[in-house]
Ligand code: PEP
Ligand code: MN
């Protein structure tokens, strides 16, 4: 329960000092720059992550790696272990799992692009660490502390997605667990929050862009935005990507698929290569306005 909130804010001074001492900024200008596989997060340049929701198959991940790299993505994303909302799986998405990780590794080597992939179970920690440049802790596992701690102990960079029901306070508390293990390579990722359906006339999730400046007032960790999951709706991805860059995000994660409507998972939110290129070029212009670069 939150007590003694600062007016309009989720976190008070006591929280900052006592609950998140490692995640909290030491002074106003304290922002961490994190270098991962030659890509800097938290610097002037805004790295773009792009790729399918699900690895699906080797041919697909190779094609996507080649194309998103050509367009300008710094990281290839793709899930091989997916915590799906419902237990029934599309025929196209039969358990890619370790094979998916292997295909990501091959695509990374062939197209010289670093990769990020989700980890849901420490059973596969070793195999995933061999391939992934960043371990993605998904929204649903934001407070799965045994999983987070074991991932933190590997020393691998971690992207911690915000749970769609979590406050900024809870989210930073989860990040503190990683830093407490001596691992400070942490990137936060906003991916949309749930709202009571009666008050949410637009979509399943609501993109919380004010969390970007709010987080930056408190933490030195870079924060990126995933407009694909946040909107859950392809036609809104472009404008929300531009708004995310304008909000001060330190990175953007986008779902890209050559045939979006046929994507095995979340086919409503992926964009095709042409659209990704358009979004990429427009984000570049917005970045300039906020004195950043893409
Ligand atoms: C994903 O990025 O593939 C994903 C499952 O996202 P989230 O955890 O935000 O739902
Ligand atoms: Mn998803």
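In this note's numbering, the protein residues as written are 4 to 297.
Glycine included, each C-beta is placed from N, C-alpha and C at the ideal position.
Taking residue i and residue j to be in contact with their CB atoms under 8 Å, please state how far apart those CB atoms are, rounded to whole angstroms.
{"i": "residue 65", "j": "residue 122", "result": "Their Cβ separation, rounded to whole angstroms, is 22 Å, which puts residue 65 and residue 122 out of contact at 8 Å."}
{"i": "residue 186", "j": "residue 155", "result": "4 Å"}
{"i": "residue 114", "j": "residue 151", "result": "Not confirmed; about 30 Å, so no contact."}
{"i": "residue 135", "j": "residue 120", "result": "5 Å"}
{"i": "residue 67", "j": "residue 55", "result": "6 Å"}
{"i": "residue 251", "j": "residue 215", "result": "5 Å"}
{"i": "residue 49", "j": "residue 290", "result": "6 Å"}
{"i": "residue 1", "j": "residue 78", "result": "Look at the range of the chain in this structure, 4 to 297, and you will see that residue 1 is not part of it."}
{"i": "residue 241", "j": "residue 285", "result": "7 Å"}
{"i": "residue 26", "j": "residue 257", "result": "With 8 Å as the limit, residue 26 and residue 257 do not qualify as a contact, their Cβ atoms being about 26 Å apart."}
{"i": "residue 69", "j": "residue 106", "result": "About 13 Å; that fails the 8 Å criterion."}
Can you check whether the CB of residue j is closer than 8 Å to the CB of residue i?
{"i": "residue 259", "j": "residue 71", "result": "yes"}
{"i": "residue 161", "j": "residue 131", "result": "no"}
{"i": "residue 234", "j": "residue 272", "result": "yes"}
{"i": "residue 230", "j": "residue 243", "result": "yes"}
{"i": "residue 51", "j": "residue 45", "result": "no"}
{"i": "residue 295", "j": "residue 47", "result": "yes"}
{"i": "residue 53", "j": "residue 76", "result": "yes"}
{"i": "residue 224", "j": "residue 248", "result": "no"}
{"i": "residue 164", "j": "residue 197", "result": "no"}
{"i": "residue 255", "j": "residue 274", "result": "no"}
{"i": "residue 212", "j": "residue 246", "result": "yes"}
{"i": "residue 171", "j": "residue 23", "result": "no"}
{"i": "residue 282", "j": "residue 253", "result": "no"}
{"i": "residue 127", "j": "residue 101", "result": "yes"}
{"i": "residue 166", "j": "residue 195", "result": "no"}
For residue i, count neighbouring C-beta atoms within 10 Å of its own C-beta (all shown protein chains included) and say buried if the count is 16 or more, exposed if not.
{"i": "residue 112", "result": "exposed"}
{"i": "residue 4", "result": "Low confidence applies to residue 4: its pLDDT is 39, below 50, so where it sits in the model is not reliable, and the reading given next is rough at best. Residue 4 comes out exposed."}
{"i": "residue 17", "result": "exposed"}
{"i": "residue 129", "result": "exposed"}
{"i": "residue 220", "result": "exposed"}
{"i": "residue 33", "result": "exposed"}
{"i": "residue 288", "result": "exposed"}
{"i": "residue 193", "result": "buried"}
{"i": "residue 124", "result": "exposed"}
{"i": "residue 91", "result": "exposed"}
{"i": "residue 293", "result": "exposed"}
{"i": "residue 21", "result": "exposed"}
{"i": "residue 99", "result": "buried"}
{"i": "residue 158", "result": "exposed"}
{"i": "residue 208", "result": "buried"}
{"i": "residue 133", "result": "exposed"}
{"i": "residue 30", "result": "exposed"}
{"i": "residue 147", "result": "buried"}
{"i": "residue 144", "result": "buried"}
Heavy atoms of the ligand PEP versus C-beta positions, residues under 5 Å: 82, 141, 142, 164, 194 and 232
Run through the stretch 172 to 253 for me and flag every whole beta strand (DSSP E) of 3 or more residues, listed as ranges in chain order. 189 to 193 and 226 to 228
Please list the segments of the beta strand (DSSP E) lying wholly inside the stretch 118 to 167, counting only runs of 3 or more residues, in order along the chain. 118 to 121, 137 to 140 and 161 to 164
Entirely within the stretch 60 to 113 and at least 3 residues each: give me those beta strand (DSSP E) ranges in chain order. 78 to 80
At which residue ranges does the stretch 256 to 293 contain complete alpha helix (DSSP H) runs of 4 or more residues, listed in the order of the chain? 276 to 292
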